[in-house]
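This report refers to the structure that appears directly beneath it.
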Amino acid sequence: MKTVVFDFDGTLTVKSSDIWKSIFIELGYDVKDESGDYKMQMKDFFNNKITYQEWCDQTCKSYTDKKFSKQILYKLADKIKLLNGFDKTIKTLVDNNIELHIVSGNFVEVIKYVLGDKAKYFKTINASRMVFDDNDLLTKIVGTEYDFDGKAKFITEYCQKNKVNPSEVCFVGNGDNDEWAYEAGCKTICVNPENTDHTNLKVWNKTLHCLKNLEDILPEIL
Ligand SMILES: [Mg+2]
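Heads up, the sequence shown stops at 414 in the working numbering, and the numbers go up one at a time, no gaps.
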């Protein structure tokens with residue numbers, strides 16, 4: 193393998209609640225209310241009534257209505273923990289000249305906060321972005337173009353740009369928003385599957401259940 197593309201949540205981290213949802217909850221929204229902001233926005237996106245960016249814009253409005261700030265974001269980010277064996281795994285891959293990327297539905301700000309100085313091991317970190325004003329209050333969410341089917345788009349664009357064969361790329365993910373990655377023609381590994389049919393061998397070439405230590409993915413890549 194020349195390149196490994198990682199999902200972030202539940203793949204590099206211990207299973208935790210989706211950050212978008214966690215923010216809604218933290219701000220006092222009822223995420224189970226079918227006519228509430230959280231459920232309505234999600235339904236509209238999945239029913240193709242709104243685009244990903246419109247979904248981000250509506251979510252941003254729900255957040256800013258409750259004065260969502262950078263401080264609240266980092267408080268929630270503090271709860272996200274990297275999987276055991278993260279350091280050794282990443283170092284081993286880098287030492288083997290394998291290029292690493294993250295393609296996530298989370299926020300760049302959160303991923304960088306959780307990774308700290310370990311962010312340097314990743315050539316790119318692709319996710320949505322939050323824009324804050326001088327008082328650290330949220331003003332805009334810039335949606336990533338690389339979530340859902342965008343994950344395959346990232347890998348395809350990457351391969352074309354860098355003259356890498358997709359068969360030399362491995363994607364590691366865990367959830368339903370990762371199910372498009374295989375379409376790029378890369379190898380796919382599912383770890384700690386969540387909301388995804390890991391028995392679908394077309395989508396997931398290999399599944400590692402109950403992965404407690406990230407080092408266990410190394411034999412599948414090296
Ligand atoms: Mg995930």
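Think of the CB as a built atom: it goes at the ideal place given N, C-alpha and C, for glycine as much as any other residue.
- For Glu291, there is no enclosing alpha helix (DSSP H); the enclosing beta strand (DSSP E) has its first and last residue at Glu291 to Phe299.
- By the criterion of a C-beta distance shorter than 8 angstroms, Val223 is surrounded in its chain by Lys213, Phe216, Ile217, Tyr230 and Lys231, once the five residues flanking it on both sides are discounted.
- Taking non-hydrogen atoms of ligand 1 into account, the C-beta of Thr195 is found less than 6 angstroms away from none of them.
- C-alpha of Thr203 to C-alpha of Val383: approximately 6 angstroms in a straight line.
- By the CB criterion at 7 angstroms, Lys273 and Val364 fall outside the cutoff.
- Note that the C-beta distance between Ile381 and Glu337 is not below 7 angstroms.
- Leaving aside the five residues that flank Lys398 on each side, the residues in its chain whose CB is nearer than 8 angstroms to its CB run, in chain order, Lys379, Thr380, Ile381, Cys382 and Glu412.
- For ligand 1, no non-hydrogen atom lies closer than 6 angstroms to the CB of Thr256.
- In this structure Trp247 touches Phe237 by the C-beta definition: roughly 4 angstroms separates them, less than 8 angstroms.
- Here the alpha carbons of Ile317 and Gln352 stand approximately 18 angstroms from one another.
- Remark: the shortest separation between the CB of Asp199 and any heavy atom of ligand 1 falls under 6 angstroms.
- Straight-line measurement puts the Cα of Asn327 at about 45 angstroms from the Cα of Met193.
- The closest heavy atom of ligand 1 lies 6 angstroms or more from the beta carbon of Gly342.
- Following the DSSP letters along the chain, one finds Thr281 in no beta strand (DSSP E) but inside the alpha helix (DSSP H) bounded by residues Phe278 to Asp287.
- In the structure shown, Gly365 falls within a strand segment according to DSSP collapsed to helix, strand and coil.
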